[in-house]
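I have placed the structure first, in the form of structure tokens, so that the comments after it can refer back to it.
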Amino acid sequence: RKDGQTPYAAHPFRVRLIVRHVFGIDDPDLLAAALLHDTIEDTTTDFDDVEERFGARVARWVAALTKDTRLPDADREAAYMGTLARSDPAVKVAKLADIFDNLTDSRHLSPAARSRSIERARNYLAALETDLPEIAMRPMALVRQLLEEVAES
Numbered sequence: 028r029k030d031g032q033t034p035y036a037a038h039p040f041r042v043r044l045i046v047r048h049v050f051g052i053d054d055p056d057l058l059a060a061a062l063l064h065d066t067i068e069d070t071t072t073d074f075d076d077v078e079e080r081f082g083a084r085v086a087r088w089v090a091a092l093t094k095d096t097r098l099p100d101a102d103r104e105a106a107y108m109g110t111l112a113r114s115d116p117a118v119k120v121a122k123l124a125d126i127f128d129n130l131t132d133s134r135h136l137s138p139a140a141r142s143r144s145i146e147r148a149r150n151y152l153a154a155l156e157t158d159l160p161e162i163a164m165r166p167m168a169l170v171r172q173l174l175e176e177v178a179e180s
């Protein structure tokens, strides 16, 4: 992680645990996608690898949670926001868990870095609110509550 001490694997496992134990969702494919959400972006694993091991649905969800590194930074963020806005309910839930964990982690950042993390979270939440499905309503409320707590601290 960004602190240079926490193992990379801690974040994906926490995201999966947030989906299950904070959001109360136990769909096995959604839990797999939550665990794998950064895999394509941060490792040498590609879509085909995920599809082969976890199936097409999980691979599609993980791909939707992946920023296209072939695009320039500004275009990459805009494309990712568009993908989040149009994404499957499971993708929205997994991204909300990712935001929840990143916000929790941001309490240990410098004020400037925390401010950037909060702004990024707000932008993602705005995209995720588009056609927010029922399954994501409680997770959205929990993330918004945490966001306000972090912003006030």
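With positions in the sequence shown counted from 1, the corresponding number in this note's numbering is that position plus 27.
Where is the CB? At the ideal position from N, CA and C, for every residue including glycine.
Since the structure is predicted, the reported quantities are computational estimates derived from the model, not experimental observations.
According to DSSP, is residue i part of a helix, a strand, or is it coil?
i      : result
LYS94  : coil
ASP115 : coil
GLY82  : coil
ALA35  : It should be noted that the sequence gives Tyr, not Ala, for residue 35. The answer is coil: DSSP assigns TYR35 none of H, G, I, E or B.
ILE52  : coil
ASP65  : coil
ASP75  : helix
THR70  : coil
Below 8 Å between beta carbons: does that hold for residue i and residue j?
i      : j      : result
LYS119 : TYR107 : no
LEU123 : VAL177 : no
ASP128 : VAL46  : no
LEU111 : LEU155 : yes
VAL85  : ASP56  : yes
PRO99  : ALA163 : no
PRO34  : ASP65  : no
ARG143 : SER180 : no
PHE50  : PRO160 : no
ALA59  : PHE74  : no
Kindly give me the distance between the Cβ atoms of residue i and residue j, rounded to whole angstroms, as I take these residues to be in contact under 8 Å.
i      : j      : result
ALA148 : ILE126 : 5 Å
ALA61  : ALA121 : 4 Å
So that I know if they touch, is there some Cβ in chain B lying closer than 8 Å to that of residue i?
i      : result
THR131 : This model lacks chain B altogether, as it is built from one protein chain only.
Task: Whole runs of the alpha helix (DSSP H) within the stretch 121 to 180, excluding any shorter than 4 residues - done: 138 to 155, 161 to 179
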